[in-house]
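One structure is given here, and the rest of the page talks about it.
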DNA sequence: CCTCGATCAACTGACCCTTGTTCATCAGGC
DNA sequence: GCCTGATGAACAAGGGTCAGTTGATCGAGG
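Residue numbers (the working numbering), protein chains in the order written: chain A, 17 to 114; chain B, 17 to 114.
Structure, rendered in structure tokens:
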């Protein structure tokens with residue numbers, strides 16, 4: 017699923033136009049982004065938690081040349097799905113008869 | 017940041033009421049959830065990729081007792097932030113001069 | 001249009017993940 | 001607005017797994 021399809025789905029959910037849905041999707045994503053950036057994390061009950069995490073620097077190897085290189089510490093975003101989300105996935109994952 | 021604050025932020029972004037923003041947030045999250053569930057993954061350009069991942073079963077240890085236990089394979093959701101998102105974090109993380 | 005994204009290769013070590021309790025906070029309803 | 005149910009975070013310790021690196025290309029999406 018890509019952004020367009022997500023927007024379509026949101027439009028269907030909200031009963032609005034794709035244009036409005038696009039704004040909604042963009043706004044939500046942007047707010048999550050800002051939340052992670054400013055608040056170190058966004059906890060959404062029943063969905064999951066976005067959390068800004070610092071990756072420790074380490075030594076990696078260039079797969080092309082095999083030469084080692086030092087990675088400097090960087091920031092990334094971790095997502096910890098809630099049990100409800102994992103359960104929602106399991107619904108289809110173990111969906112024998114539908 | 018929690019869900020309520022996210023809703024407030026979205027309401028501010030969209031210029032709508034918190035009630036409408038709540039619907040939008042819920043719709044977007046639900047659609048992402050369904051997308052991950054049905055489509056194995058949701059790729060959002062400029063934000064990141066949610067991907068349903070199957071965790072292989074393995075042996076873990078109960079940190080309380082120290083006794084090993086066998087984990088059965090399960091599903092989880094991985095989030096791979098886009099470079100743009102990581103860059104957005106870096107803006108504040110390494111904000112040297114402003 | 002044209003950029004973003006996924007792919008693939010070998011390798012390394014950082015990080016996730018488990019249990020279980022408990023408190024605090026959050027979301028929801030009237 | 002307040003009460004209540006429920007969800008989530010922290011901690012401790014160890015091991016197995018997965019992420020991450022370069023770089024060019026193809027494909028699709030915005």
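Heads up, the beta-carbon is just placed ideally off N, CA and C, and yes, glycines get one too.
- The region 86-95 of chain A makes contact with the region 94-107 of chain B: 3 or more CB pairs, one atom from each, lie closer than 8 angstroms.
- Chain-order list of chain B residues neighbouring residue 53 of chain A: 104, 105, 107, 108, by C-beta distance under 8 angstroms.
- At a C-beta separation below 8 angstroms, residue 18 of chain A has these neighbours in chain B: 58, 59, 60, 61.
- By the CB criterion at 8 angstroms, residue 53 of chain A and residue 80 of chain B fall outside the cutoff.
- When C-beta distances to chain A are compared with 9 angstroms, the residues of the region 38-51 of chain B below that value are 39, 40, 41, 42, 43, 44, 45, 46, 47, 48, 49, 50, 51, in chain order.
- Chain B has no Cβ within less than 8 angstroms of the Cβ of residue 72 of chain A.
- DSSP places residue 20 of chain B in the uninterrupted alpha helix (DSSP H) bounded by 19-30.
- When DSSP assignments are scanned along the region 28-97 of chain B, the uninterrupted stretches of beta strand (DSSP E) that are 3 or more residues long and fall wholly within it turn out to be 57-60, 64-71, 74-77, 84-87, 90-97.
- Between the region 40-56 of chain A and the region 20-30 of chain B, the count of Cβ pairs shorter than 8 angstroms is three or higher; the stretches touch.
- Within the region 81-105 of chain A, the residues whose Cβ lies closer than 8 angstroms to any Cβ of chain B are, in chain order, 90, 91, 92, 93, 94, 95, 97, 101, 102, 104, 105.
- Residue 26 of chain B reaches chain A at 43, 44, 47, counting residues in chain order whose Cβ is nearer than 7 angstroms.
- A distance of 8 angstroms or more separates the beta carbons of residue 66 of chain A and residue 76 of chain A.
- A distance of 8 angstroms or more separates the beta carbons of residue 86 of chain B and residue 47 of chain A.
- The criterion of a C-beta distance shorter than 8 angstroms is satisfied by residue 23 of chain B and residue 38 of chain B.
- In this model, residue 19 of chain B and residue 73 of chain A are separated by some 32 angstroms (Cα to Cα).
- In terms of Cα proximity to residue 68 of chain B, the closest of B/56, B/62, B/51 is B/56.
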